[in-house]
Amino acid sequence: MSSNRSRIMLSCLAIITLGLLTSTCQAQLHMSASSAGVSFDGGPAPQSADVAVQAARPHNRRMYAMCPPQFQRVGTDCYSLVDQRSSWLEAYFFCKDKNANLAEPGKNADRKLRIYLERVDSQSGEHDPIWIGGTYDHRNKHWQWSTSGRNLTYDAFSQMDSTYMQLISNSKPLDNNCAVYDPSLKYRWSARSCPDKLRFICQHKMPKVSEANRYKIYNRWNETYPNQLANEVVLEVINRRGKDNRYHRRVKAEGSNEEMIIPARKNRPANRRYPGRNRQQQHPNDINYQQRPRKQRPRVSTTVAPAPLVISKDVTSTIATRPSAPTTQQQMTAYDRILQRQREKERNRQQRKRERRQRMRQERLERQRKMREEKRQRKQEEEHQRQQQQEREQLQQQEPPSEPEALRQRAIEEQQKKEREQREQLDKQEKQQRKEQQERELERLKQQHEIEERQRAKDDEALRLREQRLQKQRELEAEEKRAREELLRKQKAEQEEADRRYAAERAAEEKRLREEHEKRLQEAKSEQERQLQEAREAKRREQKAIEERLKEQERQRQEQIRREQQEEEKRLELERLEEARRFEQRELERLREENERREARQRQREAEIAQREAEERKLAEEEERLRQELQEEEKARKRQLEQEIERAEQERKQKEEAEKAAAAAKAEQQKQKLEAAKRIADAEVAAQLEEKRRQYAARIGALSKEDQLKFIEMRKKRKQLREKEMKAREQKKLKRIQEAIRLNEMQ
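The opening residue of the sequence shown carries number 1127 in this note's numbering; numbering runs sequentially from there.
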């Protein structure tokens, strides 16, 4: 008894000492965590006066803000200005291929982004607008972001922009209007037609990680940007102050006075990404505790399964303090990375599915709300009309209605009835129109097919008629040409005859005037009269010469005009003939090409038919040959198989006899070995059980009555659990034996 008491006291002292050491270590750890401003329990560190003084000094801790290649940090996000001219939709998919999206700036981001774009364009000299992610919803008359589908809570559109106001006011439901940064408006927002080819800017999230987690970002980005370095910005962590101490932390970019706030999640179990990672375990003082890996159960065991090993507290603490091998991203295999990517894709798909369901649910709720609102309004109107009707009826009951009032009431009722009938008629007409539209569409398709068939038949007839018409036209033109030449010849002969007559008349008149002049000269009484008569005659002759010259000029001018008209007619005739010839040549060329295409299609169809027939004949011959060969091979294979079966049967019988003899000897030998091993194992198990019973008895005796009862109850449960496991193992073993027997019988 004294020895037992001494052992109990020693164990109690060891437990107390271990507890004191544990609490001391934990206090030291908490003190060190408090001095460093970090809590190992995941909550806020306790702050004392010294800690408050230390908290006023800045940390030396650093973080890294990472932007993908070709992206630059602007504020708290990464942006990439692409000079490639693309439509809005092409720009959207270009950014999506880079795991980014068209820029969707908020108020602060918009201000910084405008400064950045102004600086970049001043260096490059570009002044074209830049696409961003905003599109105009004509149905709801709102601007919305393309990626999230949410309405804009902030916009920088200029109401004085004539282009923006014109596009929005004159836009139709089928038009597409998208938002841009307009350099001409000091990089305020404007609108352009979505198919226009403009520059665009992509936006990417800027992850902020510690130095130890940078490789995770690189591993994720290597799929999109293989073997490229990211644009890293070093961030200095500034101590948190006030209420932000619980939810946020402030950082400052290296070489800049700009401060950024990184929101952090509250340290609650419901907000943890992996709830089991920082959960309080069975050993609260062990920082690097890792659970021991379970041993795999052997597939076949001939010994009795030992009882579960109970590890004492001192052994447990020793094992728990052993650190486990770290598992890093570099140790992941290719299969693990494939699984990780598949899980990410599945998560993204599920997320999109949830968003789509949420959006459809919101639309459905909105439609239901509108329907309820319309139904409520109709009910109110009906109720109002019913009340008015009741009031009128009450008034009519109280006093006899006058004849004008009755006529007015009947007119109102007839008007309402006509309106209802008109609405019903309009609904019927709309349904009938939709039905007729569908029927017309089907009829149009059928008619189009028939027209194409008839057009093919008309082409040949049109070719024949065109050739006949051209031949008739050529004959008519030849006849007209001959008639025109004959007419010109007759006109020329008549003109020559008229010229001869005119020359003869003029010569006779000249002769008569000369004779009269000579006669007047002879009759002149004096020299003065003679001179006067000569002057008068000279003047007359001069006037006559002038008239003749004018007539000759007029005749020449008329002749010139006539020749020009003839030349113009000939030129026009030649042009018309040339145009007719070219038109005829084009028509003939087109018809020749159509005939060639038709003949080529016909020849191709005939060649395909001939080739198909040849292939069918060849296949039939090949099938007949293969069928004969298969029959011969089948006969030879049957003969060979029968011979092999006979030989295999003889060999099997001989082998079975030899195996039976060897199996009997081996079974006897194994039986002896198993019996010896079983005896040794039973002895070892008995010794272990005896030692465990002794230890159990000593430890149970050191416990109180209540602890002993709890221990006995727990041991009963363990025993029942072991019995269940043994039964399950026996059933599995029996199933495997039955399966093996069944497979052996099938073989």
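For glycine and all other residues, C-beta sits at the position ideal for the given N, C-alpha and C.
Coil, strand or helix - residue i by DSSP
| i | result |
| --- | --- |
| arginine 1187 | coil |
| methionine 1332 | coil |
| tyrosine 1290 | helix |
| isoleucine 1413 | Summary for isoleucine 1413: the model assigns pLDDT 33, below 50, so the residue's position carries little reliability, and this model does not support an answer. |
| histidine 1643 | helix |
| serine 1310 | helix |
| tyrosine 1628 | helix |
| glutamine 1864 | helix |
| cysteine 1320 | coil |
| isoleucine 1227 | The residue you asked about is not isoleucine; residue 1227 is asparagine in the sequence shown. It is a strand residue. |
| asparagine 1383 | coil |
| alanine 1282 | coil |
| asparagine 1303 | strand |
Contacts around residue i, its chain only, beta-carbon distance under 6 Å, and the 5 residues preceding and following it disregarded
| i | result |
| --- | --- |
| tryptophan 1214 | Trp1257, Cys1304 and Cys1320 |
| cysteine 1204 | Cys1193, Phe1197, His1330 and Met1332 |
| arginine 1405 | For arginine 1405, the predicted model reports a pLDDT of 48, less than 50, meaning its position is unreliable; a value from the coordinates is still stated below. The answer is none, since no qualifying residue turns up. |
| leucine 1552 | none |
| glutamate 1540 | none |
| valine 1208 | Phe1326 |
| arginine 1376 | Ile1364, Glu1385 and Ile1387 |
| aspartate 1308 | Pro1255 and Ser1316 |
| arginine 1646 | Gln1659 |
| aspartate 1263 | Gln1270 |
| alanine 1664 | none |
Anticipated Cβ contact below 8 Å, residue i with residue j, distance rounded
| i | j | result |
| --- | --- | --- |
| glycine 1251 | leucine 1278 | Actually they do not touch by this definition, with Cβ atoms about 31 Å apart. |
| glutamate 1230 | tyrosine 1313 | Not confirmed; about 16 Å, so no contact. |
| proline 1195 | tyrosine 1351 | 5 Å |
| cysteine 1328 | lysine 1471 | Not confirmed; about 22 Å, so no contact. |
| leucine 1228 | tyrosine 1218 | 6 Å |
| lysine 1323 | arginine 1211 | 4 Å |
| glycine 1275 | arginine 1485 | 7 Å |
| leucine 1829 | phenylalanine 1837 | 7 Å |
Buried versus exposed, by CB contacts within 10 Å (16 or more), residue i
| i | result |
| --- | --- |
| phenylalanine 1283 | buried |
| arginine 1325 | buried |
| isoleucine 1538 | exposed |
| tyrosine 1373 | For tyrosine 1373, the pLDDT reaches just 49, beneath the cut-off of 50, and the residue's location in the model is therefore unreliable, although a value from the coordinates is still provided. With fewer than 16 other Cβ atoms within 10 Å, it is exposed. |
| alanine 1588 | exposed |
| glycine 1827 | exposed |
| valine 1363 | buried |
| tyrosine 1341 | exposed |
| serine 1206 | buried |
| leucine 1239 | buried |
| alanine 1356 | buried |
| alanine 1604 | exposed |
| alanine 1226 | buried |
| tyrosine 1628 | exposed |
| valine 1306 | buried |
Residues near residue i in its chain [Cβ-Cβ closer than 7 Å; skip 5 each side]
| i | result |
| --- | --- |
| valine 1360 | Arg1188, Tyr1190 and Glu1380 |
| tyrosine 1290 | Phe1283, Ser1284, Ser1316 and Ala1317 |
| glycine 1232 | Tyr1280 |
| asparagine 1234 | Gly1201 |
Host beta strand (DSSP E) of residue i (start-end)
| i | result |
| --- | --- |
| serine 1212 | 1203-1212 |
| leucine 1829 | No beta strand (DSSP E) contains leucine 1829, which DSSP labels as neither H nor E. |
| glutamine 1198 | 1198-1200 |
| threonine 1350 | No beta strand (DSSP E) contains threonine 1350, which DSSP labels as neither H nor E. |
| tyrosine 1262 | 1256-1263 |
| histidine 1268 | 1268-1271 |
First through last residue of the alpha helix (DSSP H) which encompasses residue i
| i | result |
| --- | --- |
| arginine 1276 | Arginine 1276 -> no alpha helix (DSSP H), and no H or E assigned at all. |
| tyrosine 1344 | 1340-1347 |
| leucine 1355 | First-last for leucine 1355: undefined, no H or E at that position. |
| tyrosine 1242 | 1233-1250 |
Chain-order list of residues whose beta-carbon lies under 8 Å from that of residue i (same chain, five-residue window excluded)
| i | result |
| --- | --- |
| aspartate 1236 | Tyr1280 and Ala1282 |
| lysine 1572 | none |
| glutamate 1690 | none |
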